[in-house]
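First residue of the sequence shown? That's 1290 in my numbering, and the numbers climb one at a time after it.
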Amino acid sequence: MQIPLSHSQRERLAYLELKAFFVGELRRGDLEARFSIKPAAATRDLNAYRECAPDNLAYDRYVKAYIPTEHFRPLFPFSAERILSWLLHGFGDGQAPTVARTFPCEGAGELVRPDFGLLGVITRAMHGNRPLQVTYLSVNLGPAKRVIVPVALADNGLRWHVRAYDRQRKRFSDFVLTRIAKAKSLDERAEPHEGIEADEQWNRRIELQLVPHPALKHPEGVVADYGMKDGTLTLNVSAALAGYALLRWAVDCSADHSLDCARHHLCLANRAVLEGVESAVLAPGYVQSAAGGDA
């Protein structure tokens, strides 16, 4: 059903739909806080949305919030880029960068196009601190059922991952979002050791010092490409994403900078920072000894 909506009201209803579907709950106060409107205006927006999409939301008296129904069908044509950008930077177009993000979510790069329904199951589980039973399409082992506790989303520049505690392997791992074929929320709470606070690799921040490859004849071009200061670009990243970043930017991480400079314009000046970083196995040319140090 279509009813006349002003541009500002459409923006509020789009936010309402996004928050309800991906978080799993929406309160009138969410609209009041996000748009600085009065309770009566928030009530009108809720009534307008329910008139446009009567089967999408139901009021849960236990949590005192509107929740998406199993018949939910998006009213607004959100693109994958817009939704994942909102999850990455925080709900609310045009808002300052200080707007709090709803989920731990970090990344920089192109976006894939995941299934929205599946993404909603995952983000609601993150918000509710619940484990998921998933069918994961491993390229090495094939389809297999796993129980994971999703804690964050991560963009490695090529694909989106779900950072999650894997109960089978008893550790935090990365799961490619589009390889999760099925996901079902379990009616239980995650344990404290399965939460993001316990993920040492995600919470560890490291600084990568990138410099032009020493074999380049004209490094000033690379300095200009990356806006380097004093010939160095320093990036602060999560240890869990460091290897992805170095792989994406084709950074030579070999001990003697022996990789082809035609393909690797950058090299890592402070290789020691990768010690103990699990994702370093992805870094071009980086070799770590069994004892944990550089080989």
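Ideal placement from N, C-alpha and C gives every residue a C-beta, glycine not left out.
Quick check on P1439: does DSSP put it in helix, strand or coil?
On the sequence shown, residue 1439 is found 150 positions in, with the first residue counted as 1. In this structure, P1439 counts as strand in the three-state DSSP scheme.
Check whether the Cβ atoms of A1479 and P1439 sit closer than 7 angstroms, and answer yes or no.
On the sequence shown, position 190 is the one that residue 1479 refers to. On the sequence shown, position 150 is the one that residue 1439 refers to. Contact: no.
What's the C-alpha gap between G1532 and L1499?
Taking the first residue of the sequence shown as 1, we reach residue 1532 at position 243. Taking the first residue of the sequence shown as 1, we reach residue 1499 at position 210. About 13 angstroms.
Report back the beta-carbon spacing between P1573 and L1536 to the nearest angstrom; my notes put them in contact at under 8 angstroms.
Here residue 1573 corresponds to residue number 284 of the sequence shown, with the count starting at 1. Here residue 1536 corresponds to residue number 247 of the sequence shown, with the count starting at 1. Right, the Cβ-Cβ distance comes to about 6 angstroms (below 8 angstroms), so this counts as a contact.
Between which two residues does the beta strand (DSSP E) containing C1556 stretch?
The residue labelled residue 1556 in the question sits at position 267 within the sequence shown. It spans L1555 to L1557 - the beta strand (DSSP E) in which C1556 sits, taken as one unbroken run.
Is Q1457 buried or exposed, if buried means 16 or more other CB atoms sit within 10 Å of its CB?
Residue 1457 sits at position 168 when you count from the first residue of the sequence shown. Per the 10 Å Cβ criterion, exposed.
Beta strand (DSSP E) containing F1464: first to last residue?
Translated into positions along the sequence shown, residue 1464 becomes position 175. That run of the beta strand (DSSP E) goes R1460 to V1465.
Return the bridge partner residues of V1410 from the DSSP annotation.
Looking up residue 1410 in the sequence shown gives position 121. Its beta-bridge partners do not exist; DSSP assigns none.
Using only the alpha-carbon positions, how far apart do R1333 and R1317 sit?
Taking the sequence shown and counting its residues from 1, one reaches residue 1333 at position 44. Taking the sequence shown and counting its residues from 1, one reaches residue 1317 at position 28. Roughly 10 angstroms between the two C-alpha positions.
Going straight from the alpha carbon of F1405 to that of V1428, what length do you get?
In the sequence shown, residue 1405 corresponds to position 116, counting from 1. In the sequence shown, residue 1428 corresponds to position 139, counting from 1. Distance between the alpha carbons of F1405 and V1428: 23 angstroms.
When the Cα of F1461 is compared with those of H1450, Y1515, E1300 and N1336, which residue comes out closest?
Position 172 of the sequence shown holds residue 1461. Closest option to F1461, Cα to Cα, is H1450.
For D1344, does the three-state DSSP call read helix, strand or coil?
Locating residue 1344 in the sequence shown gives position 55, counting from the first residue. Coil.
Give the range of the beta strand (DSSP E) segment to which E1496 is assigned.
Numbered from 1 along the sequence shown, position 207 holds the residue referred to as residue 1496. Taken as a continuous stretch (DSSP letters only), the beta strand (DSSP E) holding E1496 covers R1494 to P1501.
Bridge partners of K1327, per DSSP?
By 1-based counting over the sequence shown, the position of residue 1327 is 38. According to DSSP, which records beta bridges pairwise, K1327 is partnered with nothing at all.
What is the residue span of the beta strand (DSSP E) that R1452 lies within?
Here residue 1452 refers to the residue found at position 163 when the sequence shown is read from its first residue. Note, R1452: beta strand (DSSP E), W1449 to D1455.
With L1421 as the anchor, note down where its beta strand (DSSP E) starts and where it stops.
For this step, residue 1421 is matched to residue 132 along the sequence shown. Where L1421 is concerned, the enclosing beta strand (DSSP E) stretches over L1421 to S1427.
Thinking just about the alpha-carbon of each residue, which of E1340, C1341 and I1356 is nearest to the one in A1347?
Locating residue 1347 in the sequence shown gives position 58, counting from the first residue. When each option's Cα is compared against that of A1347, the closest is I1356.
Just confirm the distance between the C-beta atoms of F1361 and N1336, as a whole number of angstroms; I'd bet it's less than 8 angstroms.
Taking the sequence shown and counting its residues from 1, one reaches residue 1361 at position 72. Taking the sequence shown and counting its residues from 1, one reaches residue 1336 at position 47. Their Cβ separation, rounded to whole angstroms, is 18 angstroms, which puts F1361 and N1336 out of contact at 8 angstroms.
Since Y1355 is in the beta strand (DSSP E), which residue starts that stretch and which ends it?
Here the question's residue 1355 lines up with position 66 in the sequence shown. Note, Y1355: beta strand (DSSP E), A1354 to P1357.
Assess contact between the region 1550-1563 and the region 1487-1501, defined as three or more Cβ pairs (one per stretch) separated by less than 8 angstroms. Is contact present?
They touch, by the three-pair rule.
If you reduce the DSSP assignment to three classes, tell me which class T1387 lands in.
Counted from its first residue, the sequence shown places residue 1387 at position 98. Low per-residue confidence applies at T1387: pLDDT is 39, beneath 50, and the placement is therefore not dependable, though the value from the model is reported in the following sentence. It is coil, neither helix nor strand.
When you compare the region 1408-1427 with the region 1469-1479, are there three or more beta-carbon pairs, one atom per stretch, that lie closer than 8 angstroms?
Result yes; three or more Cβ-Cβ pairs closer than 8 angstroms.
Once the 5 residues before and after V1570 are set aside, which same chain residues still bring their CB inside 8 angstroms of it?
The residue labelled residue 1570 in the question sits at position 281 within the sequence shown. Correct list, in chain order: G1532 and Q1577.
Alpha carbons only, please: which of E1340, L1307 and F1311 is nearest the one belonging to F1365?
Working through the sequence shown from its first residue, we reach residue 1365 at position 76. F1365 has its Cα closest to that of L1307, out of E1340, L1307 and F1311.
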